[in-house]
Amino acid sequence: HVPAEAADEVVAVARAAGADGCVAVGGGSAIGLGKALALRTGLPLIAVPSTYSGSEATAVWGLTENGVKRTGHDPVVQPRAILYDPALTHSLPVPLSVTSGINAVAHAAEALYAPTARR
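Basically my numbering = 1-based index in the sequence shown + 11.
Okay, here's the thing in structure tokens:
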């Protein structure tokens, strides 16, 4: 979940720059920050994941404010494009690669049984 304060900061920077889109490069936290920007501004998002979070493939967002985590589903946060470059994962420390991979498998399994799963 992205801290609401971080989301506020990135929105201010994007507005000051006159941004017309967002490219989020990194792990789940970076993609989550891009989603927070898309949620609050409607700007299109392109995701370039460097871990196996799976966050880039969903329309789910998460924000934390005053210690309270909120999660939602909104098509506006679904990346318009996802650019996968396996080379970005080659320098991951082995423990991070393992936990990130297990997390991705968990997300995939969860998606099969979620109430909103497409059948």
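We treat Cβ as the ideally placed atom computed from N, Cα and C, and that holds for glycine.
**Prompt:** Where do the N-terminal and C-terminal ends of the alpha helix (DSSP H) with L44 fall, by residue?
**Reply:** G39 to T52
**Asked** Can you pull the DSSP bridge partners for R81?
**Response** L74
**Prompt:** Measuring CB to CB, does V13 end up less than 8 angstroms from L107?
**Reply:** no
**Asked** Any chance the stretch 111-122 sits against the stretch 75-89, with 3 or more Cβ pairs inside 8 angstroms?
**Response** no
**Asked** According to DSSP, which residues form a beta bridge with P60?
**Response** G37
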